[in-house]
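Novice: Take 913 as the starting number for the sequence shown in the working numbering and just add one per residue.
Before anything else, here's the structure in question.
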Amino acid sequence: MEIINRRKRMMSLARKLRREGNRTIGLVPTMGALHEGHLSLIHEARAMCDVVVVSIFVNPTQFGPTEDFASYPRDLTADAGTLAEYNVDYVFAPTVEEIYPQGFSTYVTVEGLSSELEGAARPGHFRGVATVVAILLNSVRPNFAFFGQKDAQQSIIIKQMVRDLAFDTEIVVLPIVREESGLALSSRNAYLDSQQRGAATVLNRALTAARREYDEGERNPARLIELVRTTIEAQPLARIDYVSLNDAVTLEKLEKLDDEPALLSLAVFIGKTRLIDNVVLDHSLKQDAAGA
Ligand code: AMP
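This is the structure we're talking about:
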């Protein structure tokens, strides 16, 4: 496994791999502090592709000025050890200056989709995400890039960008990996103490309760959202940022539920830590009400 720090080296390697032509390249973009959620993406990339590249880059442009860029967990040595075990071929771990050299001035904005939900709560966030993913796709030139449903809106925005800007990469989105408690794995879970970790299970409990109601025929968005809100409000350590029900493809806010899959998503503060989670309500999928 080679660790690549320079964008130039990554690009010349990508050029060589593409020229060889008979090997598919998979890219898994991450911000490191790897957990089983990341590893599920890497596992799928390993199964689908001949060459697997994992990028590790804590991207400053997707953090707001009061957010946790400085304190975001970083441990490249531990991550590299994990990735070697997973038979990853290349780790692309550039510095901020490699990605944003002096004079950098081009940003990608996916309009409309980026102003909903996380975009409304975190202005500029998706501009940073789309920009760095565009740079990563151009640097690695993968046939496939792997993203998690954990960041549902991010996956939708990246798919739109890839379509609009004609990137030659197929986007693969994989399910949310959870702890046994139901808590969705996240690098930010490291911020939680044990009491907060227990409290954080309320996110999945609330979503699962709403999904159960949906499976039993509830089609009133306001009632489903209310159920999520009251479940979370019963947990004193939790503070809701938003709970929203949107079309799972267009992210349009839903006034009523019909046959289209809907994304029930939320952001909740547990202490100072902001966590996100979601579930897709889709009557055509037989869902297991006990899990998520
Ligand atoms: P991050 O390092 O948080 O930027 O995440 C890198 C990728 O891993 C993104 O595509 C995330 O959606 C995905 N991811 C993060 N947590 C999970 C999880 N619990 N299950 C599945 N994918 C995840």
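We treat Cβ as the ideally placed atom computed from N, Cα and C, and that holds for glycine.
According to DSSP, is V1020 part of a helix, a strand, or is it coil?
Specialist: Here V1020 sits in coil by DSSP.
Novice: H950: beta carbon under 7 Å from a heavy atom of the ligand AMP?
Specialist: Flag set: Cβ of H950 near the ligand AMP.
Novice: Evaluate the contact criterion for the stretch 1018-1032 versus the stretch 1062-1070: three or more CB pairs, one atom per stretch, below 8 Å.
Specialist: Contact between the stretch 1018-1032 and the stretch 1062-1070 is present, because at least three Cβ pairs lie under 8 Å.
Novice: I want to check one thing, is the minimum distance from the CB of I1083 to the heavy atoms of the ligand AMP below 7 Å?
Specialist: Flag unset: Cβ of I1083 not near the ligand AMP.
Novice: Would K1168 and N1158 qualify as a contact pair, given that the criterion is a beta-carbon distance under 8 Å?
Specialist: In this structure, N1158 does not lie closer than 8 Å to K1168 by Cβ.
Novice: Answer with buried or exposed for A1202, where buried requires no fewer than 16 other C-beta atoms within 10 angstroms of its C-beta.
Specialist: Unreliable placement is indicated for A1202, whose pLDDT of 44 sits below 50; no coordinate value is reported for it.
Novice: Roughly how many angstroms lie between the CA atoms of V1192 and L1119, to the nearest whole one?
Specialist: Cα to Cα, V1192 sits roughly 10 Å from L1119.
Novice: Which residues does DSSP list as the beta-bridge partners of P941?
Specialist: In DSSP, P941 forms a bridge with S967.
Novice: Could you spell out where the alpha helix (DSSP H) holding I1088 opens and where it closes?
Specialist: No alpha helix (DSSP H) holds I1088; DSSP gives it neither H nor E.
Novice: Taking DSSP as the reference, what is the three-state secondary structure of V1052?
Specialist: Helix, per DSSP.
Novice: Following a CB-centred definition, is V1089 positioned closer than 7 Å to any heavy atom of the ligand ZN?
Specialist: With respect to the ligand ZN, the structure shown offers nothing to examine, as its ligands consist of the ligand AMP.
Novice: Smallest Cα separation from N917: which of V1008, N971, R931?
Specialist: For N917, the nearest C-alpha among the options comes from V1008.
Novice: Rounded to a whole number of angstroms, what is the C-alpha to C-alpha distance between R958 and F1056?
Specialist: Cα-Cα distance, rounded: 11 Å.
Novice: Report the residue ranges of all alpha helix (DSSP H) runs contained in full by the stretch 965-1003; include only those spanning at least 4 residues, in chain order.
Specialist: Listed in chain order, the complete alpha helix (DSSP H) runs (minimum 4 residues) inside the stretch 965-1003 are 988-997.
Novice: In terms of residues, what are the limits of the alpha helix (DSSP H) holding N1116?
Specialist: First-last of the alpha helix (DSSP H) with N1116: 1113-1127.
Novice: Helix or strand or just coil, what does DSSP make of S1026?
Specialist: DSSP places S1026 in helix when its eight states are reduced to three.
Novice: Confirm the yes/no value for this check: CB of L1029, any heavy atom of the ligand AMP, distance under 7 Å.
Specialist: For the ligand AMP, not one heavy atom lies less than 7 Å from the Cβ of L1029.
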